[in-house]
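To keep things clear, I will list the structure first and then write my remarks on it.
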Amino acid sequence: MAKIKRILVAGGAGFLGSHLCEKLVERRHDVICVDNFFTSQKANVAHLIGRSNFELIRHDVTLPLTLEVDEIYNLACPAAPGHYQYNPLKTMKTSLLGAINLLELARNCRAKILQASTSEVYGDPEVHPQREDYRGAVNPIGPRSCYDEGKRAAESLFMDEFRMYGTKICVARIFNTYGPKMHPYDGRVVSNFIRQALTDEPITIFGDGSQTRSFCYYDDLLDGLVRLMEDETGFIGPVNLGNPNEFTIRELGELIWKTLGKEPKFVFKELPVDDPCRRRPDISLAKEKLGWEPKVQIEEGLRKTVDWFRSIDVAEFRPPTPNY
Ligand code: NAD
Ligand code: UDP
C-alpha cells in the first residue's frame, strides 16, 4: 500500500489539472484543488466534489495561501494564446506571484513542488528538435511574451529557490497537449478544429498551415508529470514532456476531417504575430531519467477527443475571453 499524500493541484479545475486531480484521487491521495476559474469551470471537477479525499478551494494564486501539503503541482496559468493575451499583465502576475507564493508554501511545509513550464520558453526556435539545453528565441516584447517570459521567469525562480534553500523542486517543459476537457472555446488548434468540423464549418488555418507542432495526448503527459514528481533520484529537470510526432497544422486539420469521415474544408486567416514556425521535443532526457515516453498515437487521441466533444453541449461553456 503506497503512502497517502496531501497534494495541492493549483489550476486543478483546468484541462490538465482536472485530469490530474482525478488521477490522484483515484490513487487515494488527499487532493486539494485550487483554482480561480478564469479559464475553467467547476463542471470539470464536479464529479470529484463529495469524494472524501477531494477538496475544492476558489483562490487566486497571485495571493499567498497557507496549507499543509506534501506535494504541489503548479498548473495555475492561462495556457491558450487567446486566454493569456486577454489580460497579459495578469498573466505575468499569475506566473510570477503564483510561483513566488507556491514556492514559499513548499518551503514552509517542506513539500516538493512541480512547475508546469512550457515549450514556449524556446520561443520561435532556431534549433530543431528542441533539447533542454537550448536557451530559446523568445521575443521579450511581443504579444506572447506575457506568457513566455512569465514562464521563463518562473523557471528562474524555481532554480533560485533550489539553490538558495534546497527546496524540493522540479520543472517540466510541456509541449502542446490535447484531449477531452479542453475548453471548447480556448482557441487552441485542436479544440477549434474539432468544434468547427463537428458543426461543418470550414476550419480556420492561420497562415498557410505549414507551421508545425507536436501533439501529446493528456494521459501520456500526466504520466510524465507524476513520474517527475515521484522521482526520488534528485532529478529536477527542466525536462521536455511531449510527443515527438510532428505535424504541420494543415496535416492536423486533414486528420481531424478524416477522423470525422467528412470532406475537408479550410479557410485561411492571418498568422498571429510571433507564431512559432516549428516545434518538436527531444525527449531523450525524459526517456533516460524518468523512463517516460508517450504511447498514444494521434489517430487514437483525436478519436477519443472527438468522442468527448460529441458528448458535451458546447452551449454550456462560457467563453472565458472573446479571443477564440
Ligand atoms: P487551462 O487554462 O485549462 O488550465 C489552467 C487553470 O489555471 C484554469 O483552471 C484556470 O482557471 C487556472 N488559473 C489561471 N489563473 C489562475 C490564478 N491566478 N489563480 C488560480 N488559478 C488560475 O490550461 P491547461 O492546458 O490545463 O494548462 C495547465 C498548465 O500547463 C498551465 O500552467 C500551462 O501553462 C501548462 N502547459 C499546458 C500546455 C498544453 O498544451 N495544455 C502546454 C504547455 C504548458
Ligand atoms: N492555429 C490555427 N487555427 C486555429 C488555432 C490555431 O491554424 O484555429 C495554429 C496557430 O497559429 C499555431 C498552431 O495552430 O500555429 C497551434 O496553436 P495553439 O494556439 O493551439 O498553440 P501554440 O501556438 O501555443 O502552440
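Count along the sequence shown starting at 1, add 1003, and that's the number in our numbering. Each residue gets a CB set at the ideal place from its N, CA and C atoms; glycine is no exception.
- The beta carbons of residue 1215 and residue 1283 sit closer together than 8 Å.
- Residue 1187 places its beta carbon 8 Å or farther from that of residue 1307.
- In the structure shown, residue 1315 adopts coil according to DSSP, grouped into three states.
- Closer than 7 Å to some heavy atom of the ligand NAD: that does not describe the Cβ of residue 1034.
- 8 Å or more divides the Cβ of residue 1099 from the Cβ of residue 1012.
- Here the C-alpha atom of residue 1096 lies approximately 40 Å from the C-alpha atom of residue 1268.
- In the structure shown, residue 1217 falls within a strand segment according to DSSP collapsed to helix, strand and coil.
- For residue 1149, the three-state secondary structure derived from DSSP is helix.
- As the crow flies, the alpha-carbon of residue 1247 is around 12 Å from that of residue 1224.
- Contact annotation, residue 1141 with residue 1241: C-beta distance approximately 15 Å; criterion of less than 8 Å not satisfied.
- Between residue 1251 and residue 1194, the gap from beta carbon to beta carbon reaches 8 Å or more.
- Residue 1181 is classed as buried because its beta carbon has at least 16 other beta carbons within 10 Å across all chains shown.
- The C-beta distance from residue 1263 to residue 1318 rounds to 20 Å, too long to fall under 8 Å, and the pair is not in contact.
- Taking the CA atoms as reference points, residue 1258 sits about 17 Å from residue 1311.
- For the beta strand (DSSP E) assignment, the uninterrupted runs of no fewer than 3 residues enclosed by the segment 1104-1171 are, from N- to C-terminal side, 1115-1121.
- Around the CB of residue 1086, 16 or more other CB atoms lie within 10 Å, so the residue is classed as buried.
- Per DSSP, reduced to three states, the secondary structure at residue 1179 is coil, with no helix or strand assignment.
- The Cβ neighbour count for residue 1271, taken over all protein chains shown within 10 Å, is under 16; the residue is labelled exposed.
- Note that the C-beta distance between residue 1074 and residue 1008 is below 8 Å.
- The C-beta distance from residue 1196 to residue 1255 rounds to 7 Å, short enough to meet the 8 Å contact threshold.
- In the DSSP secondary-structure assignment, residue 1291 is not bridged to any residue.
- Only exposed fits residue 1130, as fewer than 16 other CB atoms lie within 10 angstroms of its CB.
- Among the bridge pairs identified by DSSP, residue 1284 is matched with 1133.
- When Cβ pairs closer than 8 Å are counted between the two stretches, the segment 1013-1021 is seen to touch the segment 1044-1056, the count reaching three or more.
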